[in-house]
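Asks: Quick one: the structure is below, and I'll ask about it shortly.
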Amino acid sequence: DDFISGVRDDYAEARRIHEQRSSPTRRVSLEEARAGRMRLWADGQTMVPPRPSFLGVQTLAEYPIGELVERIDWSPFFATWELSGRYPDILTDKAVGAAARDLFDDAQAMLRRVEEEGLLRADGVVGFWRAGSTEDDDIVVWEDEGRTSDLAHIRTLRQQMARRDDRPNLALADFTAPVDSGVADYIGGFAVTAGHGLAEATARFEAAHDDYSAILLTALADRLAEAFAERLHEQVRRELWGYAADERLDNKSLIAETYQGIRPAPGYPACPDHTEKTTLFRLLGAESRAGIELTESMAMTPAASVSGYYFWHPQARYYGLGRIGRDQLEDYARRKGWTVTEAERWLSPNLAE
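Just so you know, we're using my numbering here: the sequence shown kicks off at 61 and counts up by one.
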């Protein structure tokens, strides 16, 4: 009897929590959410944004693979092969250590082939622009310091969950100074790939009935692309934008993202609209400069590619958008020049019930 009573109590509590989470009262209106934005440039809090070392776009052609190898995060690589554990501890794990060591040795051998035979090529593009945020959560990107010509409007979405404390309802626009603040701020963007040559190399392996090498190279190309994004972000912080010129972090600290600034990407939790990649790619000239294209579903090709924005502010952080209300859906459709049906299609995972 006690056991049954306990189970009933547990399920009653589970129902209560679920009802709270799914209840419309747990979300606020878009107007209220915007009133609760993060205000980083309020009176007395103004920081002077650092100016990047250049404005516009630079191409990174045939980036040295050797510089990327030392920035590889190996833990996801082992997870790809269904070996559970964190690198380097996984190499001495009692259960999977032997298999992990064999796989790691094979990966090192393949990376040597990548460099010696040129199996993969890494290309990228990086850009910085004068920018400012608007009241309706856009980030305006200008062509010049004088803000005389708009290049693009980056559309961002705002959290609408109700707060019991003083935490803000975030949008990525909050991390860029408002247009009317008088603060000269900037935004960065990037697109990198380590996938050029992958299709040809894997085809040769498969033709030789060496599927293992084909799969191994594909997994390594993904890791190298992520390492390229990590290495470039490090260069941005220390040199290209220079807002953390004195930063000295080892690879473990870089993987743990203990540095200043963030690089969120369209399609991820803070900015789930994949179509914003089209704006980013147009600003960067990613297709012509780095050979990275977008499919109709907004996937990047080559697949071993990474893209995103750069925000410099020390209080910029990663977060999840969560569910949004009908009011924000309709507002976003208007800003994007979409029908509401189009907005529903692209944002369906984030729509409130």
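Note that the Cβ used here is the ideal one computed from N, Cα and C, for glycine as well.
Under three-state DSSP, which class holds M425?
Replies: As shown, the chain starts at 61 and ends at 413. That puts residue 425 outside it, with no answer to give.
Asks: Where do the ends of the alpha helix (DSSP H) carrying S365 lie?
Replies: Within the sequence shown, the letter at position 305 stands for residue 365. Here S365 belongs to no alpha helix (DSSP H); instead the beta strand (DSSP E) covers S365 to Y370.
Asks: Would you mind giving the Cβ-Cβ distance between D197 and A233, rounded to the nearest angstrom? I have them listed as a contact below 8 Å.
Replies: Locating residue 197 in the sequence shown gives position 137, counting from the first residue. Locating residue 233 in the sequence shown gives position 173, counting from the first residue. Yes, D197 and A233 are in contact; Cβ-Cβ is about 5 Å, under 8 Å.
Asks: What are the start and end residues of the alpha helix (DSSP H) that includes S313?
Replies: By one-based count along the sequence shown, residue 313 stands at place 253. First-last of the alpha helix (DSSP H) with S313: N311 to I315.
Asks: Just the C-alpha distance for G345 and A212, rounded to the nearest angstrom, thanks.
Replies: In the sequence shown, residue 345 corresponds to position 285, counting from 1. In the sequence shown, residue 212 corresponds to position 152, counting from 1. The straight-line gap from Cα to Cα measures roughly 13 Å.
Asks: Measure from the alpha carbon of T338 to the alpha carbon of each residue in F137, M360, R405 and V88, then state which is nearest.
Replies: Taking the sequence shown and counting its residues from 1, the one referred to as residue 338 is at position 278. Ranking the options by Cα distance to T338, first place goes to M360.
Asks: Can you have a look at F250 and say buried or exposed, based on whether 16 or more other CB atoms are within 10 angstroms of its CB?
Replies: One-based indexing of the sequence shown puts residue 250 at position 190. F250 should be labelled buried.
Asks: Quick check on the burial criterion: 16 or more other C-beta atoms within 10 angstroms. Buried or exposed for Y25?
Replies: Examination of residue 25 is not possible in this model, given that the chain is present from 61 through 413 alone.
Asks: Answer yes or no: do G385 and L90 have a C-beta to C-beta separation smaller than 8 Å?
Replies: Within the sequence shown, numbered from 1, the residue matching residue 385 stands at position 325. Within the sequence shown, numbered from 1, the residue matching residue 90 stands at position 30. Yes; because the gap between Cβ atoms is below 8 Å, this pair is in contact.
Asks: Report the residue ranges of all beta strand (DSSP E) runs contained in full by the region 226 to 264; include only those spanning at least 3 residues, in chain order.
Replies: Here the runs fully enclosed are 245 to 256.
Asks: Can you tell me where the alpha helix (DSSP H) holding A274 begins and where it ends?
Replies: Counting from 1 along the sequence shown, the entry for residue 274 is found at position 214. It spans D271 to Q295 - the alpha helix (DSSP H) in which A274 sits, taken as one unbroken run.
Asks: Which parts of the region 73 to 142 are runs of the alpha helix (DSSP H), unbroken and 4 residues or longer, counting only runs that do not cross its ends?
Replies: Qualifying alpha helix (DSSP H) stretches, in chain order: 90 to 95, 125 to 129 and 134 to 140.
Asks: With a threshold of 16 other CB atoms inside 10 Å of the CB of S367, please say whether the residue is buried or exposed.
Replies: Translated into positions along the sequence shown, residue 367 becomes position 307. Flag for S367 reads buried.
Asks: How long is the line joining the alpha carbons of R225 and D70, rounded to whole angstroms?
Replies: As a position in the sequence shown, residue 225 is number 165, starting the count at 1. As a position in the sequence shown, residue 70 is number 10, starting the count at 1. The sequence given here places Asp at residue 225; Arg does not occur at that position. Going by the C-alpha atoms only, they are around 27 Å apart.
Asks: Give me the DSSP bridge partner(s) of F188.
Replies: The residue labelled residue 188 in the question sits at position 128 within the sequence shown. The partner list for F188 (beta bridge, DSSP) reads G116 and G248.
Asks: Could you check what DSSP says for M360 in three-state terms: helix, strand or coil?
Replies: For the purposes of this step, residue 360 is taken as residue 300 along the sequence shown, with counting starting at 1. Here M360 sits in strand by DSSP.
Asks: How close, in whole Å, do the beta carbons of A412 and N229 come, if the pair is a contact with beta carbons under 8 Å?
Replies: Taking the sequence shown and counting its residues from 1, one reaches residue 412 at position 352. Taking the sequence shown and counting its residues from 1, one reaches residue 229 at position 169. Their Cβ separation, rounded to whole angstroms, is 14 Å, which puts A412 and N229 out of contact at 8 Å.
Asks: Per DSSP, A212 is paired with what?
Replies: Along the sequence shown, one-based indexing puts residue 212 at 152. A212 is bridged to V201.
Asks: I'd like to know whether the C-beta atoms of A281 and G255 end up nearer to each other than 8 Å.
Replies: Here residue 281 refers to the residue found at position 221 of the sequence shown. Here residue 255 refers to the residue found at position 195 of the sequence shown. Contact flag set, yes.
Asks: Which residues in the same chain have their Cβ closer than 8 Å to the Cβ of V67, if we skip the five residues on either side of it in sequence?
Replies: On the sequence shown, position 7 is the one that residue 67 refers to. Answer for V67: no residue qualifies.
Asks: May I ask you to verify whether the region 256 to 265 touches the region 394 to 403, counting CB pairs closer than 8 Å and requiring at least 3?
Replies: Segments in contact, no.
Asks: Using DSSP bridges, identify the partner residues of D162.
Replies: Here the question's residue 162 lines up with position 102 in the sequence shown. None, per the DSSP bridge assignment.
Asks: What residue from A191, L277, R323 and R264 has the CA that sits closest to L292's CA?
Replies: Your numbering for residue 292 matches position 232 in the sequence shown. Among A191, L277, R323 and R264, the Cα nearest to that of L292 is on R323.
Asks: Tell me which residue opens and which closes the alpha helix (DSSP H) that R349 is part of.
Replies: Here residue 349 refers to the residue found at position 289 when the sequence shown is read from its first residue. Here the alpha helix (DSSP H) through R349 covers A346 to A350.
Asks: For A305, which residues of its own chain have a beta-carbon under 6 Å away from its beta-carbon, when the five flanking residues on both sides are left out?
Replies: Along the sequence shown, read from residue 1 onward, the residue named residue 305 stands at position 245. If we look at A305 and ignore the five residues flanking it on each side, its Cβ neighbours are R298.
Asks: Assuming contact is defined by CB atoms lying nearer than 8 Å, are S113 and G302 in contact in what I supplied?
Replies: Along the sequence shown, one-based indexing puts residue 113 at 53. Along the sequence shown, one-based indexing puts residue 302 at 242. Their beta carbons are under 8 Å apart, which means S113 touches G302 by this criterion.
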